[in-house]
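Written below as structure tokens is the structure these notes are about.
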Amino acid sequence: MSDSVTILGIETSCDETAAAVLRRTRQGEVEILAEIVHSQIDEHAPYGGVVPEIAARAHADIADTVVARTLDESGLALAQLDAIAATSGPGLIGGVMVGMMTGKALALATGKPFIPINHLEGHALSPRLADNCPFPYLLLLVSGGHCQFIEVTGLGAYRRLGSTIDDAAGEAFDKLAKTLGIGFPGGPAVERLAERGDAERFSLPRPLMNRPGLDLSFAGLKTAAARVVEQRELDDQGRADLCACFQRAVSDCLAGKTERALADFKTRHAGSLRLVVAGGVAANQTIRAALGHVAQQAGASLIAPPLQHCTDNAAMIALAGAEHLAAGTVDGSGLAFAARPRWPLDEASAQSDPAYGGGKKGAKA
Ligand code: KG4
Ligand code: ZN
Numbered sequence: 097m098s099d100s101v102t103i104l105g106i107e108t109s110c111d112e113t114a115a116a117v118l119r120r121t122r123q124g125e126v127e128i129l130a131e132i133v134h135s136q137i138d139e140h141a142p143y144g145g146v147v148p149e150i151a152a153r154a155h156a157d158i159a160d161t162v163v164a165r166t167l168d169e170s171g172l173a174l175a176q177l178d179a180i181a182a183t184s185g186p187g188l189i190g191g192v193m194v195g196m197m198t199g200k201a202l203a204l205a206t207g208k209p210f211i212p213i214n215h216l217e218g219h220a221l222s223p224r225l226a227d228n229c230p231f232p233y234l235l236l237l238v239s240g241g242h243c244q245f246i247e248v249t250g251l252g253a254y255r256r257l258g259s260t261i262d263d264a265a266g267e268a269f270d271k272l273a274k275t276l277g278i279g280f281p282g283g284p285a286v287e288r289l290a291e292r293g294d295a296e297r298f299s300l301p302r303p304l305m306n307r308p309g310l311d312l313s314f315a316g317l318k319t320a321a322a323r324v325v326e327q328r329e330l331d332d333q334g335r336a337d338l339c340a341c342f343q344r345a346v347s348d349c350l351a352g353k354t355e356r357a358l359a360d361f362k363t364r365h366a367g368s369l370r371l372v373v374a375g376g377v378a379a380n381q382t383i384r385a386a387l388g389h390v391a392q393q394a395g396a397s398l399i400a401p402p403l404q405h406c407t408d409n410a411a412m413i414a415l416a417g418a419e420h421l422a423a424g425t426v427d428g429s430g431l432a433f434a435a436r437p438r439w440p441l442d443e444a445s446a447q448s449d450p451a452y453g454g455g456k457k458g459a460k461a
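Taking my numbering, the leading residue of the sequence shown gets 97, the next gets one more, and so forth.
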């Protein structure tokens, strides 16, 4: 194998149609040759949330154009790629299938290997896009669909230490924004309003904070916030105050559990205390600051990918493909890989102790 690999990555698991061409050297240096993220926010905004069928159609409309433009910008021809990687789960299955089939079609036409990627592994490796952040590290993944602590000890070595038992943090932000009618996506809208709110005005719960363990829960907090809205006419200031209280509560929960997770991680990896925070909610400045404080207290360094790589993107998918290709650990099913709506990063823990989900569809995390 040559000294570097060049990969096309495709991401369509939620409401971003994204493609990237990336080169990674054996030493782990990464160069993003081109990257495009096309957001579907305008299509979903009228509904206050992502509508799966609309998402799938929007991906189908534009995926080929996004891939073609990305290749164009990279200055490379398909023949110059080493492989094609695409998110193949977990996520909204219609969208996942569009991106995965686009990747498979290109792989079939060019004779290049197709690499199915777990979207969560993309997030887990995203700090390595910029920093070559070495293993091991403690990952807090906080997105619209997931909220978990993962001990990352190597490529493919992911151990779940804790997880939400109901809603993801981003989902709770999105629901509050919908209840208040302040826009979509919810996280940035809540954060904006919270800036001029009084975070002391309403008393909201911090679920599971008084219990041991590293699991999280946001359903009760979401319901408590919805009850505040039901029980009184909130004016503009009232809405801002509720957003500030809600954001503070999420931040307290995440920071409190992160403190515990770092203490646990430290018992095994005292010499390399790194906390990585990834996923869309990591864009929130209050939450970032709280996590920064916790990391500092624990003597850990905090690594947060730049905002465009915290939220969904294809560079992280291409990177996961490049790392697996270099390590010789590409999933062997190739073109036969079936898209997976649910695909926990740590399958063993998810099966023995499904934090949530379960039943016929299988564990979510
Ligand atoms: O990682 P992501 O782009 O997509 C997945 O869910 O995989 O995360 C999107 C989530 C949404 O729930 C969005 O409301 C939330 O991240 N989010 C934020 C902020 N920016 C995005 N939540 C809180 N504060 C923000 N600034
Ligand atoms: Zn994501």
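Cβ coordinates follow ideal geometry from the N, Cα and C atoms, glycine included. Every value quoted in this text rests on a predicted model; they were computed, and no experiment measured them.
Buried versus exposed call for residue i [16 or more other C-beta atoms within 10 Å across all chains shown]
i, result
"Gln-327", "exposed"
"Gly-309", "exposed"
"Gly-277", "exposed"
"Gly-102", "Residue identity differs from the one stated: residue 102 is Thr in this sequence, not Gly. Buried is the call here."
"Thr-425", "exposed"
"Ile-106", "buried"
"Thr-183", "buried"
"Ala-170", "Looking at the sequence shown, residue 170 is not Ala but Ser. Under this definition Ser-170 is a buried residue."
"Ile-137", "exposed"
"Gly-417", "buried"
"Gly-84", "Residue 84 falls outside the range modelled here, since the chain spans only 97 to 461, and no answer is possible."
"Pro-212", "buried"
"Asp-263", "buried"
"Pro-230", "exposed"
"Asn-306", "exposed"
8 Å Cβ cutoff met for residue i and residue j
i, j, result
"Ala-386", "Leu-350", "yes"
"Ala-159", "Thr-108", "yes"
"Gly-185", "Arg-344", "no"
"Tyr-338", "Phe-280", "Strictly speaking, residue 338 in this sequence is Leu, with Tyr absent from that position. No, they are not a contact pair."
"Leu-340", "Ala-379", "Contrary to the premise, residue 340 reads as Ala rather than Leu in this sequence. The answer is no: Cβ separation not under 8 Å."
"His-155", "Gly-191", "yes"
"Thr-382", "Ser-347", "yes"
"Ala-114", "Val-162", "yes"
"Leu-92", "Val-238", "No statement about residue 92 is possible, as the shown extent of the chain runs from 97 to 461 and does not include it."
"Leu-441", "Leu-216", "yes"
"Phe-210", "Leu-431", "yes"
"Leu-300", "Leu-312", "no"
"Glu-149", "Asp-408", "no"
Run of the beta strand (DSSP E) containing residue i, from where it starts to where it stops
i, result
"Val-377", "Looking at the DSSP string, Val-377 is not in any beta strand (DSSP E), and its letter there is neither H nor E."
"Thr-116", "In the sequence as displayed, the identity of residue 116 is Ala instead of Thr. Unbroken beta strand (DSSP E) run through Ala-116: 112–121."
"Gly-316", "Segment 315–327 is the alpha helix (DSSP H) holding Gly-316; no beta strand (DSSP E) there."
"Glu-296", "Careful: Glu-296 lies outside any beta strand (DSSP E) and carries neither H nor E."
"Glu-107", "100–107"
Range of the contiguous alpha helix (DSSP H) that encloses residue i
i, result
"Gly-352", "332–362"
"Ser-448", "443–448"
"Leu-177", "Leu-177 -> no alpha helix (DSSP H), and no H or E assigned at all."
"Val-162", "148–170"
"Glu-139", "137–140"
Chain C within 8 Å of residue i, Cβ atoms only
i, result
"Gly-252", "No chain C is part of this structure, which consists of one protein chain only."
Contact test: residue i Cβ vs the ligand HEM heavy atom, cutoff 7 Å
i, result
"Asn-306", "Judged by which ligands are present, the ligand HEM is missing from the structure shown, whose ligands are the ligand KG4 and the ligand ZN."
Considering only residues of the stretch 200–285, which uninterrupted alpha helix (DSSP H) runs meet the minimum length of 4 residues and lie entirely inside it, listed in chain order? The alpha helix (DSSP H) runs lying completely inside the stretch 200–285 and spanning 4 residues or more are 215–221, 265–276, given in chain order.
Curious, which full-length beta strand (DSSP E) runs of at least 3 residues does the stretch 400–429 contain? Entirely contained in the stretch 400–429, not one beta strand (DSSP E) run reaches 3 residues.
Quick test of the definition: if touching needs 3 or more C-beta pairs under 8 Å, does the stretch 368–383 touch the stretch 259–271? Three or more Cβ pairs closer than 8 Å define a contact, and the stretch 368–383 meets that threshold against the stretch 259–271.
With a cut-off of 8 Å, do at least 3 Cβ pairs link the stretch 241–255 to the stretch 190–200? No contact exists between the stretch 241–255 and the stretch 190–200.
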